Amino acid sequence: MAIQTLLIINKSGGLIYHRNYAGEKNGLNSNDYLILASTLHSVFAIASQLTPQAVQLNAKRSSNSTDNNFSKGGEKIPYIPYVGMNANDSNNTTNKLNKLGSFMGDDYFKESFVSWNKGGLRQLSTDHFTMFIYQTMTGMKFVAISSSVLRNTADPSHSGKSNTTANANGIQNSTTISYSTAQNSSSDYNSNSSNLQVQIADNFLRKIYCIYSDYVMKDPFYSLEMPIKSELFDKKVKQMVSNLE
Amino acid sequence: MSTTDKTSSSHSKSLKIIGDEIWKNKTEKINAELFAMTYGSIVSQLCQDFQRDYKKVNDQLFTMGYNIGVRLIEDFLARTAMPRCEDMVRTAEVISKCAFKIFLNISPQVSNWSPNKEAFSLIFPENPLSEFVELPMDATKDLWYSNILCGVMKGALEMVQLDCDVYFVSDVLRSEQQTEIRVKLNKVLRDEIPIGED
Amino acid sequence: MSTPPIQTGQVLTSQQKAQQFKLFEDSLPKVNQLAFQLLLNEVVPLSMAVEEKVFDDKIQVNESEDQTNQKAEDVDNSDASNITKDIEDKLHITPELDLPSHVLIHQISTTNAEKREGVIKRLQSIGFNIGSKLTELLVFKNNPNIRFKDAEVLLIMKFICRDVWKQIYGKQIDNLKTNHRGTFYLFDYDYRPIRNFVVDGDISDPSLLEKETSLAQPFLEIPIGIITGVLSSLGFKSEVVACKASFVDKPDGTSKLNFPKGVSFHIQIVNQ
Chain A
1 MAIQTLLIIN KSGGLIYHRN YAGEKNGLNS NDYLILASTL HSVFAIASQL
51 TPQAVQLNAK RSSNSTDNNF SKGGEKIPYI PYVGMNANDS NNTTNKLNKL
101 GSFMGDDYFK ESFVSWNKGG LRQLSTDHFT MFIYQTMTGM KFVAISSSVL
151 RNTADPSHSG KSNTTANANG IQNSTTISYS TAQNSSSDYN SNSSNLQVQI
201 ADNFLRKIYC IYSDYVMKDP FYSLEMPIKS ELFDKKVKQM VSNLE
Chain P
246 MSTTDKTSSS HSKSLKIIGD EIWKNKTEKI NAELFAMTYG SIVSQLCQDF
296 QRDYKKVNDQ LFTMGYNIGV RLIEDFLART AMPRCEDMVR TAEVISKCAF
346 KIFLNISPQV SNWSPNKEAF SLIFPENPLS EFVELPMDAT KDLWYSNILC
396 GVMKGALEMV QLDCDVYFVS DVLRSEQQTE IRVKLNKVLR DEIPIGED
Chain V
444 MSTPPIQTGQ VLTSQQKAQQ FKLFEDSLPK VNQLAFQLLL NEVVPLSMAV
494 EEKVFDDKIQ VNESEDQTNQ KAEDVDNSDA SNITKDIEDK LHITPELDLP
544 SHVLIHQIST TNAEKREGVI KRLQSIGFNI GSKLTELLVF KNNPNIRFKD
594 AEVLLIMKFI CRDVWKQIYG KQIDNLKTNH RGTFYLFDYD YRPIRNFVVD
644 GDISDPSLLE KETSLAQPFL EIPIGIITGV LSSLGFKSEV VACKASFVDK
694 PDGTSKLNFP KGVSFHIQIV NQ
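Chains A, P and V are the protein sequences, given in the same order.
Residue 146 in this note's numbering is what sits at position 146 of the first sequence, and the numbering runs on without skipping anything.
Residue 249 in this note's numbering is what sits at position 4 of the second sequence, and the numbering runs on without skipping anything.
Residue 602 in this note's numbering is what sits at position 159 of the third sequence, and the numbering runs on without skipping anything.
See the structure below:
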């Protein structure tokens with residue numbers, strides 16, 4: 001999954017970070033990105049109100065089920081091993097101290113997790129790109145725009161590692177209620193492959209959040225909710241984006 | 246082992262296991278004594294600066310904690326991807342078993358619930374900030390030596406839209422029976438909860 | 444790894460000692476490094492906030508004396524309100540907060556010289572306190588790296604470069620230079636507290652670097668205090684030690700991505 005663009009939007013809808021990784025220009029200037037960010041922020045809010053009543057009830061019911069007090073109605077996202085990690089890294093670092101910023105180990109996390117984003121926009125697709133949105137509990141949005149198109153079946157070029165995740169994904173579908181608005185509007189939506197894409201995207205964006213918490217939050221000069229200037233953050237993000245290609 | 250097993254089991258993990266595992270495997274650690282003496286140096290400097298006006302020292306430690314808390318919360322959430330707690334009972338468990346475990350390697354006990362379940366106490370059988378501390382006589386009445394902890398919790402909870410009062414009730418450093426911090430929910434800042442969470 | 448069996452009475456090899464020491468260190472209680480890092484960095488804005496308050500207090504001393512007298516009268520008059528106030532004081536609910544930390548950090552470089560001096564003194568004093576206690580923590584715990592028979596200053600410097608720095612910043616000093624006559628330079632090309640610092644501004648603007656270094660300067664005061672604290676606890680009192688820190692260019696081959704400058708601590712020990 002090639003990431004073309006990455007946006008980070010603060011809790012008030014302000015754009016605090018944007019990078020375009022596609023070689024060619026996409027014709028958007030900084031101002032356009034600002035507008036895109038605030039528009040997304042509003043659309044996200046409106047979309048969550050569109051959620052059909054039935055789905056809301058459904059979600060409530062599943063949150064009442066007591067078999068699993070961890071998920072509480074949120075969608076479980078399986079851990080997909082080493083999304084965005086450099087395959088060589090895990091070999092290189094075995095002799096050194098295994099560390100990713102302040103995160104010990106060879107990956108930022110290794111367990112499945114629950115999305116905080118339940119009723120909001122999760123993805124938005126056209127024939128040419130797909131946009132994924134990960135929202136944190138503090139209200140920030142991490143947005144990735146990918147050139148992969150959801151209708152296509154799973155892209156085999158994901159590197160060997162993601163193959164191992166396909167079966168995890170199959171199981172996951174049975175437990176997932178997808179009530180993300182854009183997803184439902186896509187008529188010929190192939191649940192299997194697109195779900196994998198969404199899961200990869202969620203894994204990826206949570207890792208960007210980890211990098212943010214490490215390099216932006218620990219910079220004492222950084223003022224909360226303002227644009228991110230950290231070169232180190234920039235570099236780590238870029239690396240992860242290129243590993244994903 | 247298939248990834249499926251891993252997925253489902255990790256969801257039913259108790260908070261304690263989540264906290265323990267992150268502490269054990271994902272956390273870079275430093276000597277607790279160094280941490281304690283650094284904090285001690287800060288407190289003693291403040292006492293000197295404010296000429297033993299310990300209430301001012303308490304406030305300053307609280308503010309310092311607040312500034313740390315509003316940043317630390319992002320780290321905690323990125324690390325744990327902890328879902329929003331449905332009530333304060335759950336919140337208390339997360340604070341004790343995950344947050345304190347991950348950052349200070351302790352798990353204070355949760356107790357003294359108010360009847361409406363919106364206020365609770367954290368009892369600290371051990372406190373890495375004050376392991377080797379003995380307060381000067383004149384400080385035992387007014388100084389809350391570890392008040393930074395209240396500030397950190399206040400800041401962090403506010404960022405997840407919980408407006409709480411957090412304050413010390415008693416401290417063994419003052420020759421009181423136990424070290425107790427009270428957390429009282431004032432209100433959930435509903436308007437600020439990110440849209441899309443429910 | 445071939446570790447020769449330890450025989451009683453036999454002197455341990457340095458490798459074995461190092462291993463033992465590592466095991467011992469690992470067994471000590473620990474906390475999250477992040478908690479420590481955030482605490483240490485927060486000391487800088489804290490010092491500025493305190494400076495503002497203490498400074499104001501100095502001016503208001505006279506006024507407040509009058510107020511205290513007045514308060515005493517009030518207390519006599521209203522017992523009831525006094526009790527509520529007592530309870531409030533006891534609980535001490537959320538105090539008024541200071542400005543956000545990054546604003547305070549900016550203030551240090553824009554405030555007047557007197558206040559800046561106060562902030563620096565405060566930071567060094569906290570560092571000094573940490574340094575002198577740290578010696579105790581490190582020296583008296585069987586550390587094989589430490590042999591101060593004659594309190595030889597070069598050995599102490601090596602101790603600072605290696606053990607003290609490692610303990611606090613998780614890395615050693617990169618380079619130690621000395622003229623063997625009391626002058627030492629300690630170079631840290633990736634000084635941890637400022638590793639991630641970024642200042643808002645145009646990267647191509649040459650004055651940005653100047654701005655960055657002046658904002659980061661206060662973060663060098665704590666280690667200055669730590670160095671003088673360690674030296675003091677090992678017999679070199681602060682009267683005979685001068686320590687200052689400055690930014691230096693990084694040598695080739697070190698990471699240019701982190702903070703653009705390395706740090707040099709210049710320590711001068713006057714012959715006693």
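The beta carbon of each residue, even a glycine, is placed where N, CA and C say it ideally should be.
What you are looking at is a predicted structure, and each value in this text was computed from that prediction instead of being measured.
Exposed or buried, what is residue i when buried is set at 16 or more other beta-carbons lying within 10 Å of its beta-carbon?
i	result
residue 226(A)	exposed
residue 382(P)	exposed
residue 340(P)	buried
residue 322(P)	buried
residue 710(V)	buried
residue 205(A)	buried
residue 713(V)	exposed
residue 37(A)	buried
residue 52(A)	exposed
residue 30(A)	exposed
residue 239(P)	With chain P covering only 246 through 443, there is no way to say anything about residue 239(P).
residue 566(V)	buried
residue 23(A)	exposed
residue 270(P)	exposed
residue 702(V)	buried
Indicate the three-state DSSP secondary structure (helix, strand or coil) for residue i in the structure shown.
i	result
residue 681(V)	helix
residue 246(A)	The question about residue 246(A) has no answer here: the residues shown for chain A are numbered 1 through 245.
residue 158(A)	The predicted position of residue 158(A) is uncertain, since its pLDDT is 41 and thus under 50; no value can be drawn from it.
residue 433(P)	strand
residue 238(A)	helix
residue 278(P)	helix
residue 270(P)	helix
residue 470(V)	helix
residue 230(A)	coil
residue 82(A)	coil
residue 546(V)	helix
residue 427(P)	strand
residue 388(P)	coil
residue 701(V)	coil
residue 169(A)	Reliability fails at residue 169(A), whose pLDDT of 38 lies under 50, so the model's placement of it is uncertain and the value that follows must be treated cautiously. The answer is helix: DSSP assigns residue 169(A) an H, G or I state.
residue 221(A)	coil
residue 618(V)	strand
residue 146(A)	strand
residue 35(A)	helix
residue 639(V)	coil
residue 627(V)	strand
residue 69(A)	Its pLDDT being 39, under 50, residue 69(A) is placed unreliably by the model, and the measurement read from it follows with that caveat. Note: residue 69(A) maps to coil in three-state DSSP.
Just the chain A side, please: which residues come within less than 8 Å of residue i by C-beta, in chain order?
i	result
residue 476(V)	102
residue 315(P)	224
residue 660(V)	What residue 660(V) touches in chain A: nothing, since even the nearest Cβ is about 13 Å away.
residue 487(V)	220
Run through the DSSP bridge pairs and tell me what residue i is partnered with.
i	result
residue 292(P)	For residue 292(P), which the question treats as bridged, DSSP gives no partner whatsoever.
residue 99(A)	104(A)
residue 19(A)	6(A)
residue 536(V)	Answer by DSSP bridge pairing: none, since residue 536(V) is not bridged.
residue 689(V)	707(V)
residue 367(P)	355(P), 426(P)
residue 348(P)	Answer by DSSP bridge pairing: none, since residue 348(P) is not bridged.
residue 77(A)	113(A)
Strictly below 7 Å CB to CB, what residues from chain A border residue i?
i	result
residue 271(P)	103, 104, 105
Along chain P, in chain order, which residues have C-beta atoms closer than 7 Å to that of residue i?
i	result
residue 708(V)	Result: empty, since nearest Cβ-Cβ is about 19 Å, beyond 7 Å.
Run through chain A and tell me which residues come within less than 9 Å of residue i, C-beta to C-beta.
i	result
residue 493(V)	Here the premise fails: no neighbours, minimum Cβ distance about 16 Å.
residue 548(V)	220, 221
Answer yes or no: the CB of residue i versus the heavy atoms of the ligand SAH, is any distance below 6 Å?
i	result
residue 8(A)	Within the structure as shown, the ligand SAH is missing, as the structure has no ligands at all.
Name, please, each residue of chain P whose Cβ falls closer than 8 Å to the Cβ of residue i.
i	result
residue 43(A)	Result: empty, since nearest Cβ-Cβ is about 11 Å, beyond 8 Å.
Can you pull the chain P residues whose beta carbon is under 9 Å from the beta carbon of residue i, in chain order?
i	result
residue 123(A)	Per Cβ cutoff of 9 Å: no residues; residue 123(A) is ~13 Å from chain P at best.
Given that residue i touches chain V, what residues does it touch there, using C-beta distances under 8 Å?
i	result
residue 320(P)	477
Would you mind telling me which residues of chain V sit closer than 9 Å to residue i, beta carbon to beta carbon, in chain order?
i	result
residue 238(A)	The contacting residues do not exist; residue 238(A) stays about 11 Å from chain V at best.
Could you tell me how far apart the beta carbons of residue i and residue j are, in whole angstroms, since I believe they sit closer than 8 Å?
i	j	result
residue 574(V)	residue 673(V)	4 Å
residue 691(V)	residue 634(V)	At roughly 11 Å, the Cβ-Cβ gap does not stay under 8 Å, so residue 691(V) and residue 634(V) are not in contact.
residue 5(A)	residue 133(A)	That belief does not hold up - the Cβ atoms of residue 5(A) and residue 133(A) are roughly 12 Å apart, past 8 Å.
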